[in-house]
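Student: Counted from 1, the sequence shown has number 21 at position 17 by the numbering used here; the numbering is strictly sequential.
Glycine included, every Cβ here is placed at the ideal spot set by N, Cα and C.
A single structure is presented below for examination.
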Amino acid sequence: MMQELIAMQSEIVFPTSEFTPVGWTPTRDLSYDEWESRGHGLAKVGAAINWWIGDWINYGEYRYGEKYAQALALFGEQYEYDTLRTMAWVNRNVQMSIRIDRLSWNHHRTIAKLDEDAQAGLLSFAEKDNLSVSELSGA
């Protein structure tokens, strides 16, 4: 799995951008298309953050036997313990191979308690029929 992760190329690139803990600034004047592209990148980061943090927690648990104390130390200002625990639980229960990037993390959270075949089927159904999280919950 780690080799697979290392081989992946990032889909999120932020050229001509600077980030601080409290802001984003372009490093030069941007065309409309460049500005819009940076917005698409930020949207991808927003959609991916639960996956990234949950996978990071699970890796720490697997590799070092560490998870929530370190996660709370780093993310405790932004996320409660239960939120971090849920991120890790969903990511442990929904394998990367069946995650669908066009569906939200909350779609995946909805089906995380099911077995992998049921998860894959419901996620595929949700994607095909463009189901909301509420509609998926009722499926």
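Can you tell me whether Trp28 is buried or exposed? The criterion is at least 16 other CB atoms within 10 Å of its CB, across all chains shown.
Tutor: With fewer than 16 Cβ atoms within 10 Å of its Cβ, Trp28 is classed as exposed.
Student: Can you tell me whether Thr90 is helix, strand or coil according to DSSP?
Tutor: Of the three classes helix, strand and coil, the one that applies to Thr90 here is helix, per DSSP.
Student: Relative to the alpha-carbon of Arg106, which residue among Val26, Glu38, Leu46, Ala52 has its alpha-carbon at the smallest distance?
Tutor: When only C-alpha atoms are compared, the closest one is Ala52.
Student: Could you spell out where the beta strand (DSSP E) holding Ser21 opens and where it closes?
Tutor: Ser21 -> beta strand (DSSP E) spans 21 to 24.
Student: Using the C-alpha atoms, what's the distance from Asp37 back to Glu8?
Tutor: Caution applies to Glu8, whose pLDDT of 49 falls short of 50 and renders its modelled position unreliable; the value that the coordinates give is listed next. If I take the Cα positions, the gap works out to 32 Å.
Student: With DSSP run on the structure shown, which of helix, strand or coil describes Gly45?
Tutor: Note: Gly45 maps to helix in three-state DSSP.
Student: Please report how far the alpha carbon of Arg103 lies from the alpha carbon of Val26, in whole angstroms.
Tutor: So the two alpha carbons sit approximately 31 Å from each other.
Student: State yes or no: is the C-beta of Ala92 within less than 8 Å of the C-beta of Asn62?
Tutor: Against a cut-off of 8 Å, the Cβ pair of Asn62 and Ala92 comes out as a contact.
Student: Alpha carbon to alpha carbon, how far is Tyr72 from Gly64? Give it in angstroms, no decimals.
Tutor: If I take the Cα positions, the gap works out to 9 Å.
Student: Report the rounded CA-to-CA distance for Thr114 versus Leu46, giving the unit in angstroms.
Tutor: Cα to Cα, the separation comes out at about 24 Å.
Student: Nearest CA to the CA of Ile16: which residue from Asp119, Arg42, Asp33?
Tutor: The option with the nearest alpha carbon to Ile16 is Arg42.
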